[in-house]
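Presented below is the structure to which this report refers.
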Amino acid sequence: MPIVVAVNKIDKDNADPQRVLTQLAEYELVPESWGGDTIVVEMSALSGLGVDDLIEQLQVVAELEELTANPLGRAKGIVIEAQLDKGRGPVATIIVDKGELKVGDPIVAGAAWGKVRAMINDKGEQIKIAGPSTPIQVLGLSSVPEAGDEFRAAPNEKIAKTVGESRGERLKAKHLREDARVKTGTKLEDIFAQIQSGEKASLNLILKADVQGSLEAVTESLRRLERDEVDISFVHRAVGGITENDITLANTTNATIIGFNVRPDGKARKLAEQEEVEIRTYEIIYKLLEDIEQAVVGMLEPEYEEVVTGEAEVREIFRVPKLGAIAGCYVRSGVITRGSKVRFLRDGTIIWKGDITSLRRFKDDAREVREGFECGIGLSDFQDLKAGDLIETFDDVEIQRT
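For the sequence shown, my numbering begins at 3 and goes up steadily by one.
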């Protein structure tokens, strides 16, 4: 299949088309300007820059590759987008790739079925017939299909209904099996306790969005937030507002409800308060992902990395009543700080780990001694000191999770 790449948003101040071309090359899509055979058009959908060039290139490729569609017979094509419109019901944006679709034709798309009640083209005009390569909005479906579903015109409405309902039953059974696997999940607010107990936690989510494309984009992005300690499970995903049924399901499965560009109605909000179900609504996908990622990362046990802060060489041993052995040291690097964690090295081998209990410069107590100075170091419970030993101080620094 020939590929034409459109590099969009080149009118933005921070646009970097060359970086995109480099990334394309990693997928073996080498641009023609680099000596490859992939047509790349730089464009801006907002300003219209490069759109005519893109159309021209598509026409050239179609002609050279002899890409043609059959305009005869019952229509079939792909659902590009779908949403639940308040006034018009389920609305699917589809593109016909074979045959002709007419108003009144019975169709089935995934588990959705119905009779074409109206067709609206990309200019907002109602049309009666749509042939190959025609993008249209279709009204009259029983439910919202999924983006990527294939649609077909059926011989009659009865067959369309039978096929659609059969697919719907299979999807329902699949969702029930998925629900059964997530019954033991945990709410966002309770996950920390589960991780603290050493268990692998499962974050249950119910995801509702305004359109099918947004639903898929948010789903895939959330899946990338999974960690070894936390699984993300989707109890239910659908297009449309947050309803009482969603609240009941969330309460049953210990799920958190995420709404993207949708809100709960009054009854659903009241039920959520009664059942103590958490609802989080967002209008910006980046804010949604940032919020959930911070919540997930914040639940995890912090990770620490040892950072060496100082190194001192033992030059002489002093015996002090009540304090025991004191190491007369020379600080070779870094800073030796009183109270630091310390390990004792002899011939490169760790022979003891503990804390610095006393630190002196001559006869005065010191809080820290820097590189190039001498000092006296008393250790908490280690007396087997020898000249030439190394005292290494370190801190545990928390690693920022990504």
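Think of the CB as a built atom: it goes at the ideal place given N, C-alpha and C, for glycine as much as any other residue.
All values derive from a computational prediction rather than experimental measurement.
Query, Result
"Contacts around residue 227, its chain only, beta-carbon distance under 8 Å, and the 5 residues preceding and following it disregarded", "234, 291, 294, 295 and 298"
"Which of helix, strand or coil DSSP assigns to residue 351", "strand"
"Alpha-carbon spacing of residue 373 relative to residue 229, whole angstroms", "41 Å"
"Beta carbon of residue 139 nearer than 8 Å to that of residue 93", "yes"
"The stretch 36-47 / the stretch 71-85 touching (three or more Cβ pairs under 8 Å)", "no"
"Given residue 120 as reference, the closest of 103, 329, 337 and 348 once Cα atoms are compared", "103"
"Coarse secondary structure for residue 286, derived from DSSP in three states", "coil"
"Three-state class that DSSP yields for residue 154 in the structure shown", "strand"
"Reduced DSSP secondary structure (H/G/I, E/B, other) of residue 6", "strand"
"Inter-residue spacing [alpha-carbon to alpha-carbon] between residue 137 and residue 97", "4 Å"
"CB contact flag (residue 263, residue 216, <8 Å)", "yes"
"Beta-carbon proximity of residue 152 to residue 80, cut-off 8 Å", "yes"
"Alpha carbon of residue 160 to alpha carbon of residue 111, nearest angstrom", "14 Å"
"Cα-Cα separation, residue 54 to residue 8", "12 Å"
"Same chain, Cβ closer than 7 Å to residue 185, five either side skipped, listed in chain order", "Because the pLDDT of residue 185 is 48, which lies under 50, any placement of that residue in the model is unreliable, and the number read from its coordinates should be weighed accordingly. Here the set comprises 255."
"Host beta strand (DSSP E) of residue 239 (start-end)", "232-241"
"Selected residue, minimal CA-CA separation from residue 38, among 5, 116 and 321", "5"
"Completely contained alpha helix (DSSP H) runs for the stretch 82-117, where each covers 4 or more residues", "none"
"Which of helix, strand or coil DSSP assigns to residue 64", "helix"
"For residue 346: DSSP bridge partner residues", "354 and 393"
"Coil, strand or helix - residue 366 by DSSP", "strand"
"Identity of the residue in 173, 62, 238 and 242 nearest residue 253 by Cα", "238"
"Minimum C-alpha distance to residue 286 - residue among 270, 257 and 212", "212"
"Residue 384, DSSP secondary structure in three states", "coil"
"Limits of the beta strand (DSSP E) - the one that residue 52 falls within", "First-last for residue 52: undefined, no H or E at that position."
"Status (buried if at least 16 other CB within 10 Å, exposed otherwise) for residue 157", "exposed"
"Three-state class that DSSP yields for residue 274 in the structure shown", "helix"
"Same chain, Cβ closer than 6 Å to residue 170, five either side skipped, listed in chain order", "113"
"Short Cβ contact (8 Å threshold) for residue 384 with residue 333", "no"
"Range covered by the alpha helix (DSSP H) that runs through residue 255", "246-255"
"Inter-residue spacing [alpha-carbon to alpha-carbon] between residue 131 and residue 150", "22 Å"
"Supposed close pair residue 126, residue 144 - CB separation, criterion 8 Å", "In fact, because the Cβ distance is near 25 Å, the residues do not count as touching under 8 Å."
"Residue 261 versus residue 56: straight-line alpha-carbon distance, rounded", "36 Å"
"First through last residue of the beta strand (DSSP E) which encompasses residue 44", "41-44"
"Residue span of the alpha helix (DSSP H) that contains residue 215, given as start and end", "214-225"
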